[in-house]
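S.K.: Next up is a structure, given as structure tokens.
Chains as they are written, first to last, in the numbering used here: chain A, 3 to 165; chain B, 95 to 269.
Right, here's the structure in full:
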């Protein structure tokens with residue numbers, strides 16, 4: 003019964019769209035303030051200085067594109083896979099920063115330096131989102147999606163087919 | 095699987111083009127390679143007290159101490175008085191005042207590990223408690239000990255991470 007619930011199409015839609023909204027929401031402030039976001043990336047003391055700005059420009063755009071793809075329902079599995087990879091990256095980055103005792107704002111949803119500081123609850127939140135991403139990759143939900151609109155093959159809601 | 099990887103490549107390329115492209119078009123964009131200076135350590139010389147003897151734990155520089163600070167397995171011990179510790183100490187350091195070591199040891203010992211690297215410091219070049227504490231721990235069988243003789247004064251003067259408060263309010267690492 004739990005299995006039936008997990009693979010239910012509307013449930014899959016909710017997961018997909020929910021994750022997409024979170025990623026779009028997280029990307030906007032970073033795209034608007036790339037300099038401030040680069041500063042936060044530097045604070046983590048993980049990337050070498052030469053890569054920080056390029057990373058700070060590409061990562062938020064990838065978040066935005068993945069969010070849009072998840073909501074509209076095209077390239078759902080690749081977008082969810084990227085979301086998962088990014089979340090694993092965030093979990094590692096936050097854990098490293100916490101273990102070093104670096105006390106910085108997380109740069110998760112806002113580039114303000116007064117925004118939320120790093121903490122364990124952040125890792126738990128990321129792990130929760132990672133579960134959503136894994137679900138979205140696994141289920142390849144096509145309920146109310148562009149993919150289904152353009153490709154009306156039968157049984158397209160079954161597991162793990164195609165992109 | 096192949097389709098998945100192709101889709102991921104499409105997203106990555108699109109994000110790169112859009113991210114770098116929009117930055118290039120934007121008059122207030124940022125340079126692709128920013129300027130992030132390395133942290134200045136100052137003169138990287140190790141400070142050794144005159145009373146050092148053969149067989150003492152190694153003395154390390156500020157730079158080495160900062161390197162060990164970034165290694166999660168390393169424990170920092172603050173050998174100063176509790177009042178000094180409360181007024182400010184290296185983030186994550188445990189207070190083991192050498193002058194009260196018998197009183198404090200039962201509380202500190204469970205937090206240590208004989209195989210872990212331990213860095214001991216006190217006020218700076220004018221105090222030797224860190225050295226004495228290092229000898230004390232070595233007698234007890236701790237092997238991987240380091241004396242950061244530049245101590246609190248050198249650490250603080252560089253603006254490295256510090257915090258305030260007593261031992262029992264040590265939730266700092268997980269804030």
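Cβ atoms here follow ideal geometry from the backbone N, Cα and C, with glycine treated the same way.
Note that this is a predicted model, so its numbers are computed, not measured.
Along the chain, where does the alpha helix (DSSP H) containing residue 133 (chain A) start, and where does it finish?
M.R.: 122-141 is the extent of the alpha helix (DSSP H) around residue 133 (chain A).
S.K.: Note down the Cα distance separating residue 39 (chain A) from residue 58 (chain A), rounded to an integer number of angstroms.
M.R.: Distance between the alpha carbons of residue 39 (chain A) and residue 58 (chain A) is about 6 Å.
S.K.: I need the boundaries of the beta strand (DSSP E) containing residue 171 (chain B), first residue and last residue.
M.R.: 169-172 is the span of the beta strand (DSSP E), which, as asked, contains residue 171 (chain B).
S.K.: To the nearest angstrom, report how far apart residue 214 (chain B) and residue 254 (chain B) are at their CA atoms.
M.R.: Cα to Cα, residue 214 (chain B) sits roughly 16 Å from residue 254 (chain B).
S.K.: So that I know if they touch, is there some Cβ in chain A lying closer than 8 Å to that of residue 164 (chain B)?
M.R.: It does: the Cβ of residue 164 (chain B) has a partner Cβ on chain A nearer than 8 Å.
S.K.: Under 8 Å Cβ-Cβ, which residues of chain B neighbour residue 36 (chain A)?
M.R.: Those are 117, 123 and 124, listed as they occur along chain B.
S.K.: So if DSSP puts residue 183 (chain B) in a beta bridge, which residue, or which two residues, is it bridged to?
M.R.: DSSP output for residue 183 (chain B) lists B:257 as bridge partner(s).
S.K.: Buried or exposed: residue 123 (chain A), going by 16 or more other Cβ atoms within 10 Å of its Cβ?
M.R.: Per the 10 Å Cβ criterion, exposed.
S.K.: Note down the Cα distance separating residue 237 (chain B) from residue 209 (chain B), rounded to an integer number of angstroms.
M.R.: Residue 237 (chain B) and residue 209 (chain B): Cα-Cα distance of roughly 7 Å.
S.K.: Short check: CB of residue 77 (chain A) to CB of residue 107 (chain B), under 8 Å?
M.R.: For residue 77 (chain A) and residue 107 (chain B), no; Cβs fall outside 8 Å.
S.K.: In angstroms with no decimal places, state the Cα-to-Cα distance between residue 28 (chain A) and residue 140 (chain A).
M.R.: Going from the Cα of residue 28 (chain A) to the Cα of residue 140 (chain A) covers about 23 Å.
S.K.: For the segment 71-88 of chain A, list every residue whose C-beta sits within 8 Å of some C-beta in chain B, in sequence order.
M.R.: Per Cβ criterion, the list reads 71, 77, 79, 80, 81, 83 and 84.
S.K.: Are residue 171 (chain B) and residue 227 (chain B) closer than 8 Å when you measure CB to CB?
M.R.: A contact, by the Cβ cut-off of 8 Å.
S.K.: Going by the CB atoms, is the gap between residue 239 (chain B) and residue 166 (chain B) shorter than 8 Å?
M.R.: No, these two residues do not count as a Cβ contact at 8 Å.
S.K.: Beta-carbon of residue 109 (chain B) versus every beta-carbon of chain A: anything under 8 Å?
M.R.: Cβ-Cβ to chain A under 8 Å: yes for residue 109 (chain B).
S.K.: Please state whether the Cβ-Cβ distance between residue 185 (chain B) and residue 256 (chain B) is less than 8 Å.
M.R.: Cβ distance < 8 Å, so residue 185 (chain B) and residue 256 (chain B) count as in contact.
S.K.: Could you tell me which residues DSSP puts in a beta bridge with residue 119 (chain A)?
M.R.: DSSP output for residue 119 (chain A) lists A:107 as bridge partner(s).
S.K.: Work out the CA separation of residue 88 (chain A) and residue 261 (chain B) for me, nearest whole Å.
M.R.: If I take the Cα positions, the gap works out to 36 Å.
S.K.: Would residue 225 (chain B) and residue 143 (chain B) be called neighbours here (beta carbons separated by less than 8 Å)?
M.R.: In contact: residue 225 (chain B) and residue 143 (chain B) (Cβ atoms closer than 8 Å).
S.K.: What residues match up with residue 240 (chain B) in a beta bridge as DSSP calls it?
M.R.: Answer is B:213, bridged to residue 240 (chain B).
S.K.: Sorry if obvious, but does the Cβ on residue 99 (chain A) come closer than 7 Å to a heavy atom of the ligand ZN?
M.R.: Judged by which ligands are present, the structure shown has none, so any question about the ligand ZN falls away.
S.K.: With residue 108 (chain B) as the anchor, note down where its alpha helix (DSSP H) starts and where it stops.
M.R.: First-last of the alpha helix (DSSP H) with residue 108 (chain B): 96-119.
S.K.: Which first and last residues belong to the alpha helix (DSSP H) in which residue 91 (chain A) is found?
M.R.: Note, residue 91 (chain A): alpha helix (DSSP H), 78-102.
S.K.: For residue 9 (chain A), which three-state DSSP category applies?
M.R.: Of the three classes helix, strand and coil, the one that applies to residue 9 (chain A) here is coil, per DSSP.
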